[in-house]
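Protein chains: 2
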Amino acid sequence: MYKIEFSDFFSSAFSVDCLIFGFTEGKIKTLLIKRSIEPYKDYWAIPGDLVYPDEDLPLAAERILRELTGLTNVQMHQAHTFGSPSRHPQGRVITIAYYALVRIEELSIKASSWADEVRWEPVLEVGDLAFDHNEILEATFDRLNKQLSIEPICFELLPEKFTLNEFQQLFEYSKGIPFDKANFRKKIKGIPLVKHTEKQTNVKHRPANLFSFNTCKELDRLEENEWAFKM
Amino acid sequence: MYKIEFSDFFSSAFSVDCLIFGFTEGKIKTLLIKRSIEPYKDYWAIPGDLVYPDEDLPLAAERILRELTGLTNVQMHQAHTFGSPSRHPQGRVITIAYYALVRIEELSIKASSWADEVRWEPVLEVGDLAFDHNEILEATFDRLNKQLSIEPICFELLPEKFTLNEFQQLFEYSKGIPFDKANFRKKIKGIPLVKHTEKQTNVKHRPANLFSFNTCKELDRLEENEWAFKM
DNA sequence: GCAAAAGTGTTTGGATTACACCCATGC
DNA sequence: GCATGGGTGTAATCCAAACACTTTTGC
Chain A
13 MYKIEFSDFF SSAFSVDCLI FGFTEGKIKT LLIKRSIEPY KDYWAIPGDL VYPDEDLPLA
73 AERILRELTG LTNVQMHQAH TFGSPSRHPQ GRVITIAYYA LVRIEELSIK ASSWADEVRW
133 EPVLEVGDLA FDHNEILEAT FDRLNKQLSI EPICFELLPE KFTLNEFQQL FEYSKGIPFD
193 KANFRKKIKG IPLVKHTEKQ TNVKHRPANL FSFNTCKELD RLEENEWAFK M
Chain B
13 MYKIEFSDFF SSAFSVDCLI FGFTEGKIKT LLIKRSIEPY KDYWAIPGDL VYPDEDLPLA
73 AERILRELTG LTNVQMHQAH TFGSPSRHPQ GRVITIAYYA LVRIEELSIK ASSWADEVRW
133 EPVLEVGDLA FDHNEILEAT FDRLNKQLSI EPICFELLPE KFTLNEFQQL FEYSKGIPFD
193 KANFRKKIKG IPLVKHTEKQ TNVKHRPANL FSFNTCKELD RLEENEWAFK M
């Protein structure tokens, strides 16, 4: 019935790649590592590795991210699967992309295992990466952008306390177009924000107010179907 | 560096599952096959099979759908990948879900290979399926529903000529809520439809007008960024 | 005072909602 | 005639875009 023996189907490997996105200085950035081993030694790459044959995918994604960058407690979501027969020089390796959103300032990352260095690179400025990682990054960033428009996940990228301008810049980078300040602020009126008494410091203009998301309130309302996030 | 030999990673198999969605009688339906072989012999299942170690994923999806159901020329899109180590009783098999939208009336399907029967089943009424196929169906139907709201793919589900009521019913089934007829028709004013002189027949009430989508015009406008589909 | 960015108000036109009403067909 | 769904109009309301304006800080 099959053109090969049934047992010969069990000859492939698979890997996960972890696309970690953060936001600073008005740009969405992604975490890259420098490979210290072949293939693609000394190339920059998305953190990723082979999955053990008895390992579940989400756990593998956590483990691999931790081993290469030291990051823990990062909630990852599955994106696209890439399976071109020629994408890996050492055999058939299907890779499943996972992505996560993090607050860059709250993290300490450090290269380990076979990662020589780690770096945050603005998504729109990355150069040539190992394997088909440019394609993977592009597809996953597209997906992130779509998600940002329909689900309240921008909260995970912004710092704990942020200005409304930073909030706006995040969406401007995501969509690639500038927004009108007044209209943007009217639009987000429906989102439950907490205003702090504390203000921005060390700026040579009028200091902006700092806000946080009221996560509890927001989740309550989501459950009650009182609002649909839409940007 | 690894806990097992490098070569031992190459011991997994992977499959694709093809979720084919259609729309008739006011319901979105999916194509199921009855398995004639173990495991899960005589269970209903999503059409799917193992991918050859040197075969590309999209081509495998086409081949497998053709072998089991006779369907050809169906454009498939990748959805989620399911990889729980215990999901297949005969070894580690990762499965990648692909989905497609088709016009049921234009197709002739017939069971072949190890499929005993094929059947169109309303998505919201399917019973227990083989493997983790209920989970796969649910996740993929969710994804389809989201896509229906943001991209003009409803065209692929409706018959070539359709009534505005059928159009409305498709979205009502997708969202699970009824719409106001007059308002629905105002909303779709922006979509380029062609009205036929021909009308509905064999109904015991006033016959409805038949419409088709003006695909060319629609694509032109998409390219010019003149409209964003939103339902 | 001036530059720079924070922050707000007003107008306008287009979309969304709720609801009522008329029309064509089979029986 | 009447049941059944097809098809349309209106008024109230909400929302988004465009744009101008005021405020607060550092220098």
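Protein sequences appear in the order of chains A and B. Going by the working numbering, the first sequence opens with residue 13, and the numbers climb by one from there. Going by the working numbering, the second sequence opens with residue 13, and the numbers climb by one from there. Virtual Cβ for every residue (Gly too), placed ideally from N, Cα, C. Values in this document were obtained by computation on a predicted structure and should not be read as measured data.
* Name the chain B residues whose beta carbon is nearer than 8 Å to that of A/Phe26? -> Within chain B, the residues near A/Phe26 are Ser24, Phe26, Gly95 and Ile106.
* Asked: List, in order along the chain, the chain B residues whose C-beta lies closer than 8 Å to that of A/Gln90?
  -> Within chain B, the residues near A/Gln90 are His92 and Thr93.
* If we count Cβ pairs, one from each stretch, closer than 8 Å, do we get three or more for the segment 103 to 111 of chain B versus the segment 25 to 36 of chain B? -> At 8 Å Cβ cutoff, the stretches touch.
* Contact with chain A by B/Gly34, beta-carbon distance below 8 Å -> B/Gly34 has a beta carbon lying at 8 Å or more from every beta carbon in chain A.
* Spatially closest choice to B/Gly60 from B/Pro204, B/Ile148, B/Cys166 and B/Phe241, by CA coordinates -> Taking only the C-alpha atoms, the option nearest B/Gly60 is B/Ile148.
* Which runs of the beta strand (DSSP E) fall wholly inside the segment 41 to 99 of chain B and span at least 3 residues, in chain order? -> Unbroken beta strand (DSSP E) stretches of 3 residues or longer found wholly inside the segment 41 to 99 of chain B: 60 to 62 and 89 to 94, given in chain order.
* To do: Verify whether the separation of the beta carbon atoms of B/Ile49 and A/Thr93 is less than 8 Å.
  => No, they are not a contact pair.
* Reducing DSSP to helix, strand and coil, say where A/Arg197 ends up. => Three-state result, A/Arg197: helix.
* Compare the Cα-Cα distances from B/Phe223 to each of B/Lys187, B/His217 and B/Lys211 and report the closest residue. => Of the candidates B/Lys187, B/His217 and B/Lys211, the one whose C-alpha sits nearest the C-alpha of B/Phe223 is B/Lys211.
* Asked: Does DSSP put A/Lys187 in a helix, in a strand, or in coil?
  -> In this structure, A/Lys187 counts as helix in the three-state DSSP scheme.
* To do: With DSSP as the reference, please indicate the residues paired to A/Gly34 in a beta bridge.
  => Looking at the DSSP assignment, A/Gly34 forms a beta bridge with A/Lys41.
* Asked: Taking three-plus beta-carbon pairs below 8 Å as touching, is the segment 118 to 127 of chain B in contact with the segment 74 to 84 of chain B?
  -> Three or more pairs of CB atoms, one per stretch, sit closer than 8 Å, so the segment 118 to 127 of chain B contacts the segment 74 to 84 of chain B.
* Measuring alpha carbon to alpha carbon, tell me which of A/Glu67, A/Tyr111 and A/Phe35 ends up nearest B/Pro97. => B/Pro97 has its Cα closest to that of A/Glu67, out of A/Glu67, A/Tyr111 and A/Phe35.
* **Sheet register partners of A/Trp126 (DSSP bridge)** => Per DSSP, none; premise fails for A/Trp126.
* **A/Lys245 in three-state terms, based on DSSP** => Missing from the structure shown is residue 245 of chain A; chain A here goes from 13 to 243 and no further.
* Nearest to A/Phe289 by alpha carbon, out of B/Pro65, B/Val138 and B/Pro204? -> Only positions 13 to 243 of chain A appear in this structure, which leaves residue 289 of chain A out of reach.
* To do: Tell me whether A/Lys41 is buried or exposed, calling it buried when 16 or more other Cβ atoms sit within 10 Å of its Cβ.
  => Classified as buried, A/Lys41 has 16 or more neighbouring CB atoms from the shown chains inside 10 Å of its CB.
* Could you spell out where the alpha helix (DSSP H) holding B/Ala151 opens and where it closes? => Run containing B/Ala151: His145 to Ile162, per the alpha helix (DSSP H) assignment.
* **Other residues of its chain near A/Thr84: CB distance less than 6 Å, five sequence neighbours each side excluded** => These residues qualify, in order along the chain: Arg78.
* Report whether the distance from the Cβ of B/Arg99 to the nearest heavy atom of the ligand MN is below 7 Å. => This structure lacks the ligand MN; in fact it carries no ligand of any kind.
* To do: Per DSSP, which residues does A/Lys211 bridge with? Please list them.
  => In the DSSP output, where bridge partners are listed per residue, A/Lys211 has A/Asn221.
* How many whole angstroms separate the CB atoms of B/Trp132 and B/Leu43, which I take to be in contact at a CB cut-off of 8 Å? -> Confirmed, about 6 Å.
* **Selected residue, minimal CA-CA separation from B/Asp128, among B/Tyr110, B/Ile116 and B/Tyr52** => It is B/Tyr52.
* Buried or exposed for B/Val206, please, with buried defined as at least 16 other CB atoms from any protein chain shown within 10 angstroms of its CB. => So B/Val206 counts as exposed.
* Use the C-beta contact count for A/Ile16: other C-beta atoms within 10 angstroms, 16 or more gives buried, fewer gives exposed. => By the Cβ neighbour-count rule, A/Ile16 is exposed, with fewer than 16 other Cβ atoms within 10 Å of its own.
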